[in-house]
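Colleague: Here it is, the structure, as structure tokens.
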């Protein structure tokens with residue numbers, strides 16, 4: 033029963049990935065019928081390409097900030113939804129709704145808000161910071177992308193944290209209340225250590241997803257203004273499929289994969305070690 037799935041995975045995933053690695057050692061432009069082997073030249077020129085360095089810098093800046101914000105907000109929302117409040121199931125559904133919506137649709141909606149609605153409000157309220165479209169600013173455009181990405185990503189992370197909170201025995205809180213522990217002490221010494229595995233999962237998944245950011249950038253800025261918000265994925269797409277740099281960006285993809293894999297492994301090792309220390 034697993035053979036069809038394995039074959040489909042190999043045909044549409046494994047084989048194209050191996051092809052990409054193969055082409056990274058050539059000068060193929062993606063269209064020509066012939067190509068030449070150039071060895072490690074593509075990799076050599078990647079490390080000297082300012083656009084590549086800029087895209088990596090932007091992507092890591094975006095990913096680190098977004099990962100921290102998503103996990104802080106998601107954990108806070110999950111703790112609130114885990115309390116005994118009215119309409120708990122309704123609020124859980126509302127907070128999960130952004131995850132159901134298409135990334136591109138969400139991006140285009142926020143693009144309209146940033147470009148038209150917020151500047152209008154800023155002018156009427158006399159707030160200078162809101163009176164201009166931040167997506168048109170090289171300095172602040174990345175903040176708009178962070179806002180949209182975090183808003184959407186909080187949905188899934190909140191559900192995962194809620195699942196973790198359900199595993200914490202209520203007897204622990206009852207015992208701590210008898211000792212006069214505060215809510216902060218409960219969170220620090222009971223809640224967070226008990227949901228540490230879920231924190232690890234969320235941190236790794238969030239970082240991985242944000243390092244692969246593509247749709248939000250396309251819908252909000254297209255990599256602009258200039259190349260201020262050009263992520264690694266967008267650079268690979270634009271250069272490989274529109275700029276005739278198929279082999280060159282294939283090499284970039286290989287490095288990109290290695291970087292994401294290394295970051296994920298380091299995160300898992302570091303966070304799992306903290307789980308043991310807790």
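In my numbering, the protein residues as written are 33 to 310. Quick reminder that beta carbons are idealized off the backbone N, C-alpha and C, glycines included.
1) Using 8 Å as the Cβ pair cut-off and three pairs as the minimum, do the region 244 to 260 and the region 54 to 70 touch?
2) To the nearest angstrom, how far is the alpha carbon of residue 112 from that of residue 162?
3) Between residue 167 and residue 149, what straight-line distance do the alpha-carbon atoms span, to the nearest angstrom?
4) Could you say which of 35, 84, 143 and 42 lies nearest to residue 254 if we only look at CA atoms?
5) Contact between the region 232 to 240 and the region 292 to 308 is defined here as three or more beta-carbon pairs at a separation below 8 Å; is this criterion met?
6) Enumerate in chain order the residues of its own chain whose CB-to-CB distance from residue 83 is below 6 Å, with the five nearest sequence positions on each side excluded.
7) Are residue 177 and residue 261 close, meaning C-beta to C-beta below 9 Å?
8) Is DSSP giving residue 58 helix, strand or coil here?
9) Can you give, in chain order, each stretch of the alpha helix (DSSP H) that sits fully within the region 134 to 189 and has at least 4 residues?
10) For residue 285 and residue 52, which I take to be in contact (beta-carbon distance under 8 Å), what is that distance rounded to the nearest angstrom?
11) Out of curiosity, what's the CA-to-CA distance linking residue 267 and residue 174?
12) Tell me which residue opens and which closes the alpha helix (DSSP H) that residue 264 is part of.
Modeller: For this structure:
1) With a cut-off of 8 Å, the region 54 to 70 and the region 244 to 260 do not count as touching, because too few Cβ pairs lie within range.
2) In the chain shown, residue 112 corresponds to position 80, counting from 1. In the chain shown, residue 162 corresponds to position 130, counting from 1. Their backbone Cα atoms lie some 30 Å apart in a straight line.
3) Residue mapping note: residue 167 aligns to position 135 of the chain shown, counting from 1. Residue mapping note: residue 149 aligns to position 117 of the chain shown, counting from 1. The C-alpha of residue 149 is placed about 13 Å away from the C-alpha of residue 167.
4) Numbered from 1 along the chain shown, position 222 holds the residue referred to as residue 254. Nearest in C-alpha terms to residue 254, of all of 35, 84, 143 and 42, is 143.
5) yes
6) Your numbering for residue 83 matches position 51 in the chain shown. If we look at residue 83 and ignore the five residues flanking it on each side, it has no Cβ neighbours.
7) Taking the first residue of the chain shown as position 1, residue 177 is located at position 145. Taking the first residue of the chain shown as position 1, residue 261 is located at position 229. Cβ atoms of residue 177 and residue 261: closer than 9 Å.
8) On the chain shown, residue 58 is found 26 positions in, with the first residue counted as 1. Strand, per DSSP.
9) Runs of the alpha helix (DSSP H) inside the region 134 to 189: 135 to 144 and 150 to 157.
10) Here the question's residue 285 lines up with position 253 in the chain shown. Here the question's residue 52 lines up with position 20 in the chain shown. Correct: roughly 6 Å between the Cβ atoms.
11) Position 235 of the chain shown, counted from the start, is the residue given in the question as residue 267. Position 142 of the chain shown, counted from the start, is the residue given in the question as residue 174. If I take the Cα positions, the gap works out to 16 Å.
12) Here residue 264 refers to the residue found at position 232 when the chain shown is read from its first residue. First-last of the alpha helix (DSSP H) with residue 264: 264 to 269.
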